[in-house]
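These notes concern the structure reproduced below.
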Ligand code: PGA
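Numbering (this note's numbering), first residue to last: 4 to 251.
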């Protein structure tokens, strides 16, 4: 049985005080759930959040990292810096990173490898644009994104990664892929993992859906057989909404 995983992606929101306020409202409410819950804050709030999470089951995630150990990369954050704080997860290749910061499938792959090497669990984002979907290219795009992201990643490690399928046209737009549409692509991702790593791995790896997930649609999404969780943007910024999503 795959344990569902719901991750809040706060993007560029919340100064540290606001971040702590939100974490304080949710951290004790996620302990009795059968769902793994992660909050992905900005880099600058991570240390303070780690302190208040304490013994709660709430997990901490970052939204990006660099693939090199260290060096002259002004403005970048390394995997070991995140590990040092006690970060558990790191989002890699979010479509906003791909779109605004020129991240490619190749840089995603380098980051995935470094994250794993450092003991961080990557949440690897893939997804097609509206044009690609309209042009019936969804499966080709997803195949390339998934296969390149996991190039040179071995079987034992891939089990500890999470894939997030986020159709770009559904992010922050209020448009959600229908749960069927989402499940279709997520099943396809699982089949790609099966072809590469075998059925044991494909049955174990968790694949989330992301894109306008909110309290009103989360149940339907989570009822789909292949969907193991959600990567939640807007609805993760308020404790009540996020807890409703978590308690789908
Ligand atoms: P959204 O964002 O829930 O606001 O659509 C999801 C994401 O970008 O991870």
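C-beta atoms are modelled at their ideal positions from N, C-alpha and C, and glycine is treated no differently.
Practice prompt. Would you mind giving the Cβ-Cβ distance between residue 218 and residue 244, rounded to the nearest angstrom? I have them listed as a contact below 8 angstroms.
Written response: At roughly 6 angstroms, the Cβ-Cβ gap stays under 8 angstroms, so residue 218 and residue 244 are in contact.
Item to complete: Compute the Euclidean distance between the alpha carbons of residue 4 and residue 104, then round it to the nearest angstrom.
Response: Linking residue 4 to residue 104 through their CA atoms gives a straight-line distance of about 36 angstroms.
Fill in: Run of the beta strand (DSSP E) containing residue 41, from where it starts to where it stops
Residue 41 -> beta strand (DSSP E) spans 39-43.
Item to complete: Could you tell me the distance, in whole angstroms, from the CA atom of residue 99 to the CA atom of residue 119?
Response: Residue 99 and residue 119: Cα-Cα distance of roughly 22 angstroms.
Fill in: Distance cut-off 6 angstroms: residue 220 Cβ against heavy atoms of the ligand PGA
Not under cutoff, so the answer is no.
Worksheet item: DSSP state of residue 173, grouped into three classes?
Response: The answer is helix: DSSP assigns residue 173 an H, G or I state.
Worksheet item: Quick one, are the C-beta atoms of residue 151 and residue 112 less than 7 angstroms apart?
Response: Here residue 151 is near residue 112, since their CB atoms are less than 7 angstroms apart.
Fill in: DSSP three-state assignment for residue 76, whether helix, strand or coil
Note: residue 76 maps to coil in three-state DSSP.
Discussion item. Using a 10 Å radius around the Cβ and a threshold of 16 neighbouring Cβ atoms, would you call residue 27 buried or exposed?
Written reply: Its Cβ having fewer than 16 others within 10 Å, residue 27 is exposed.
Practice prompt. Could you pull out every residue in the same chain whose Cβ sits closer than 8 angstroms to the Cβ of residue 23, ignoring the five residues on either side in sequence?
Written response: Cβ within range, chain order: 48, 51, 52 and 55.
Worksheet item: residue 101 by DSSP, collapsed to three states: which one?
Response: In the three-state reduction of the DSSP assignment, residue 101 falls in the helix class, which pools H, G and I.
Worksheet item: Would residue 18 be called buried (16 or more neighbouring beta carbons within 10 Å of its own) or exposed?
Response: Looking at its Cβ environment, which holds fewer than 16 other Cβ atoms inside 10 Å, residue 18 is exposed.
Worksheet item: For residue 183, is the classification buried or exposed, using 16 other Cβ atoms within 10 angstroms of its Cβ as the cut-off for buried?
Response: It counts as exposed.
Practice prompt. Just the C-alpha distance for residue 180 and residue 170, rounded to the nearest angstrom, thanks.
Written response: It is roughly 7 angstroms from the alpha-carbon of residue 180 to the alpha-carbon of residue 170.
Discussion item. Assuming residue 85 and residue 123 are in contact, meaning their beta carbons sit under 8 angstroms apart, how far apart are those beta carbons, in whole angstroms?
Written reply: At roughly 6 angstroms, the Cβ-Cβ gap stays under 8 angstroms, so residue 85 and residue 123 are in contact.
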